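Contents: one structure, followed by commentary.
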Amino acid sequence: MAPSTSLLALSRTLSVPLFLLGSLLKLPLLPPLLSSLSTTGMPLVPIALETLSLTITIPFNLRMANPYLTWLETVVILLVDLCVMGVWAKEKKGGRGVVVGGLMYAWLLRKLLDPTIVNDATMHLLLALTIPLGQLSGMTQIYQQYRQKHIGTMSPVTLLLGMVCGVGRMVTTWVEVEDAGMRWASVVSAILGVVMAAQMAMYRQGTRKFLAGSKDK
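Using my numbering, read the sequence shown as starting at 227 and increasing by one per residue.
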């Protein structure tokens, strides 16, 4: 059923600020990452899961011609995630690891964008797999923060923007996207964003101690 004019207007009104906020979501991670060239304190498993999920979701949205303002900020998020994974590869394997990983990633992305190689039916199947991947990424981060009682080097701005964008994206997805899987995934993502923001407040003392200890090393 087509959304009402008022709901569609609300969604379009939210889309531009959500795109801008979403594009800024993970940018606070870049300065400390690029200055230190270290992934210490970063939730690597959740970021790796999110990278895989977005690598499938973005080509899917492009190929299905979903409205750009409902997903375009995920391109910026993916680029930041790739920077994190690139630094991690350099830590483990040096420059060679970055080059090899980059070439493998480019090969995978090219395959996903080509409908003659990966057809639409397969893309829908892959999208269905990204939903638990994306949720697992958030749940893994929540569990890691619960176990450590701090948020590591994650920026509080990132977590707050994640909560705001998650709730807003839930609204725009339900109004403008008809895929039931993507709709319910947006609900779970919004809930996970709220939980992570709450953890930031709950574990602020533990985070201060962790960051102070990191500076002393």
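Glycine included, every Cβ here is placed at the ideal spot set by N, Cα and C. Note that the structure is a prediction, hence the values are computed from the model and not measured.
{"query": "Taking the CB atoms as reference points, tell me whether L255 and S381 lie closer together than 8 Å.", "result": "yes"}
{"query": "Is V397 closer than 8 Å to S237 when the C-beta atoms are compared?", "result": "yes"}
{"query": "Output yes or no for whether 8 Å exceeds the beta carbon distance between A416 and V393.", "result": "yes"}
{"query": "When the distance is taken between beta carbons, is G364 closer than 8 Å to P272?", "result": "yes"}
{"query": "By the three-class DSSP mapping on this structure, what secondary structure does Y307 have?", "result": "In the sequence as displayed, the identity of residue 307 is Asp instead of Tyr. D307: helix per DSSP, three-state reduction."}
{"query": "Just tell me which of L275, T277, Q371 has its CA closest to the CA of Q425.", "result": "Q371"}
{"query": "For T399, which residues from the same chain have a beta carbon less than 7 Å from its beta carbon, with the 5 sequence-adjacent residues on both sides left out?", "result": "T296, M408, R409, S412"}
{"query": "Compare the C-alpha of F436 against each of K375, V383, K318, L387 and name the closest.", "result": "K375"}
{"query": "For W314, count neighbouring Cβ atoms within 10 angstroms of its own Cβ and tell me buried if that reaches 16, exposed if not.", "result": "buried"}
{"query": "Nearest by alpha-carbon distance to T265: which of L304, K316, I284, L233 is it?", "result": "K316"}
{"query": "Hey, quick one: how far does the alpha helix (DSSP H) through I343 stretch, first residue to last?", "result": "I343 -> no alpha helix (DSSP H), and no H or E assigned at all."}
{"query": "Within a Cβ cutoff of 7 Å, which residues of the same chain sit near G195, ignoring the five residues on either side of it in sequence?", "result": "What the structure shows of the chain is the stretch from 227 to 443, and residue 195 is not part of that stretch, so it cannot be assessed."}
{"query": "Determine the burial state of D340: buried for a count of at least 16 other Cβ atoms within 10 Å of its Cβ, exposed for fewer.", "result": "exposed"}
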